[in-house]
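The working numbering applies: residue 963 is where the sequence shown begins, and numbers increase by one.
Reading through the structure tokens given below for one structure.
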Amino acid sequence: MTDVRYVCHVDGRKGWSVGCAVLIAAALGVVVFSKRSPSDAGKNAVPPPRASVRFPNPWPDPPPADVAALFDDLRLGDTVGGYRVRAISPVHDARIVVDVEKNDAGFRVWVERRKPGGRVPPAKTSQYALFMVQPRPSPDAINDEDQAAVLKGLVERIRRKESSVPVPSGL
């Protein structure tokens, strides 16, 4: 009869063989458990999140009254240039941010006071410069015509009110 101490002895050939067998068994276990059949993959697949989930809205509340007045009382959910207004920020860092979306694409428009010698904006009024920023999910998702339509719609609203309402505080 074989002595148990001899079989479990880790020195020498038997210890090396046992060590290799343990490593091979562990490697096979990892391979077996990491493999899933194609039918299993579909069961646990999670669809990609919608744009509104991937790009959360930091301004879910209506804008302050002075900001809303500048945009001729534009409201969340209204349409400008074929895009739904998702958010209008309060003044922050000397700008107002208007966030728009259509289906899973969207972008933001920065509205700032015009500055002599500043960047040339793609759209402007007598007092304000409008810049298209942060296209999502990628720059290719927004075509030039859509961008121009949204900027035009915002410019029209601002022009109607900019001479009759005060400049929003902080802008």
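No residue lacks a Cβ here, since even glycine has one placed at the ideal position from N, Cα and C.
Backbone CA spacing between residue i and residue j [nearest angstrom]
i: E1063; j: I986; result: 54 Å
i: D1034; j: A1067; result: 25 Å
i: E1159; j: L1116; result: Outside the displayed range of the chain (963 to 1133) lies residue 1159, so it cannot be described from this structure.
i: G1039; j: R1075; result: 25 Å
i: G1092; j: P1128; result: Note on residue identity: the sequence assigns Leu, not Gly, to residue 1092. Going from the Cα of L1092 to the Cα of P1128 covers about 18 Å.
i: D1055; j: A1030; result: 18 Å
i: R1037; j: G1079; result: 32 Å
i: A1103; j: D1028; result: 32 Å
i: W1072; j: T1041; result: 17 Å
i: N1065; j: L1032; result: 27 Å
i: G1043; j: R1057; result: 21 Å
i: V1008; j: D1061; result: Because the pLDDT at V1008 is just 48, under 50, the model does not fix this residue reliably, and the point stays unresolved.
i: L1133; j: A1111; result: 24 Å
i: Q1109; j: S1125; result: 25 Å
i: Y1090; j: K1114; result: 13 Å
i: S1131; j: M1094; result: 22 Å
Rounded Cβ spacing between residue i and residue j (contact assumed at less than 8 Å)
i: S1051; j: P1025; result: 7 Å
i: R1070; j: V1059; result: 5 Å
Bridge partners - residue i, DSSP secondary structure assignment
i: V1049; result: Residue 1049 is actually Ala in this sequence, not Val. Note: A1049 sits in a beta bridge opposite D1061.
i: V1042; result: Y1045
Stretch-stretch touch, CB-based, cutoff 8 Å, three pairs: the stretch 1081-1094 with the stretch 1039-1055:
no
Taking 8 Å as the cut-off, does the stretch 1093-1105 touch the stretch 1119-1128 (at least 3 CB pairs, one atom from each stretch)?
no
Quick check for students: name the residue ranges of the beta strand (DSSP E) that lie wholly in the stretch 1051-1109, counting only runs of 3 or more.
1058-1064, 1067-1075 and 1090-1098
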